[in-house]
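> Each residue of the sequence shown is one higher than the one before, starting from 1 at the first, in full-length UniProt numbering.
Just so you know, even glycine gets a beta-carbon here, dropped at the ideal spot from N, CA and C.
Below is the structure I would like to discuss, written out as structure tokens.
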Amino acid sequence: MQKYIFNRKYLSSQLQNYTIDKLEVKHKVIKNWNYSLAKSDLEKTKEESIQGDFLTQIFSNILGYKGRIGEDIWNLQPENKTDVDGTKSDGSLGFFTSTIKDVRIVIELKNAKTDLDRKQNRINNTQSPVEQAFSYQFKHKSCKWVIVSNFKEIRLYHSSTMTEYEVFFMNDLAEDIELFKKFCFLLEKERLIDRDGKSQIDLLYEKNEQEEFAITKDFYKDYKTVRSQLYKHINLNNPAVDDLIVFEKTQKILDRFIFVCFCEDTNLLPKDTFKQVIISAKNSFDISETRIWNQLKGLFYSIDKGNPPLYQSI
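Right, here's the structure in full:
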């Protein structure tokens, strides 16, 4: 299961007032790429033959990274060698002159048939494309971000981990203008890199990490309180049951609750499933004191065994 860099709600709140100049013109570039992937033999083409067009059209024409021609300072450098061992990524983003090479982002490109997470079957390279990209990142002192793409999907990683990333599929970008805005919000030059300090996305990342830490801290505080209350309730109503068994059952109920919430967040279950089950129990004609618990047991069973058409087994 993919883990995103940014909290979805937090990222959405930051996008509310974001606008893009020449939105339709830029979106047309994505539509053209998606058309070529779907209708032509572009998917069968080796990455070397089209990566120049990809870098120029996506990163220059849409995202605003300047190429070298006509510029004293440029932001897009194709096939940039590292000073450490001479290995080279397919592209770099940063600040470049004839004497300065300030790499902030490395880019690794593969052909459209390549699985970005699968190990490569090469004599001198058995890394996955993602691992290969990160092998360039640490060789550049100021490199904080990593981009990996097979032309059909574009991934953005923070340099601190390979386990979290933002992903954008070309066909989704072509069809969803709001997703395209998010793509530009996170990757455009004026937001992702800054020559003199931290960029807006660097600061957003730091703020997001702080928010996540605060959420985690509050969650475990509330979790501990709820677990204590639930344990006392079960223990009070089941005095003959051993305390250890009561604790195990308390933990099991909480684990199931958290799993349902996880399924809601990842769209494996409809939003507010847990909430609706409780409301349904409260509004039922069942006069039992355990009517809510009975309804929850039905939910847990349906998730475990499957109960079409309400819930398929997951």
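#1: For residue 4, does the three-state DSSP call read helix, strand or coil?
#2: Measuring straight from C-alpha to C-alpha, what distance separates residue 208 and residue 196?
#3: Under a Cβ-count criterion, where at least 16 other Cβ atoms within 10 Å of its own Cβ denotes burial, should residue 129 be classed as buried or exposed?
#4: In terms of alpha-carbon separation, which member of 250, 132, 182 and 202 lies closest to residue 223?
#5: Which stretch, first to last residue, makes up the beta strand (DSSP E) that contains residue 141?
#6: Applying the criterion that 16 or more other CB atoms from any shown protein chain within 10 Å of the CB defines a buried residue, is residue 98 buried or exposed?
#7: Are the beta-carbon atoms of residue 94 and residue 103 separated by less than 8 Å?
#8: With distances taken between CB atoms, is the gap from residue 15 to residue 54 smaller than 8 Å?
#9: Note down the Cα distance separating residue 83 from residue 192, rounded to an integer number of angstroms.
#10: So, with DSSP's three-state summary, where would you put residue 63?
#11: Where do the ends of the beta strand (DSSP E) carrying residue 199 lie?
#12: Can you name, in chain order, every residue of its own chain whose Cβ lies under 8 Å from the Cβ of residue 312, other than the five neighbours on each side?
#13: Which of the three DSSP states, helix, strand or coil, is assigned to residue 259?
#14: When the Cα of residue 168 is compared with those of 159, 120, 162 and 151, which residue comes out closest?
With the structure as the only source:
#1: coil
#2: The C-alpha of residue 208 lies about 22 Å from the C-alpha of residue 196.
#3: Residue 129 should be labelled buried.
#4: 250
#5: Run containing residue 141: none; DSSP gives neither H nor E here.
#6: exposed
#7: yes
#8: Taking a C-beta distance under 8 Å as the contact criterion, residue 15 and residue 54 do not qualify as a contact pair.
#9: 23 Å
#10: coil
#11: Where residue 199 is concerned, there is no enclosing beta strand (DSSP E), given that its DSSP letter is neither H nor E.
#12: Model confidence at residue 312 stands at a pLDDT of 49, short of 50, so the residue's coordinates are unreliable and nothing is read from them.
#13: helix
#14: 151
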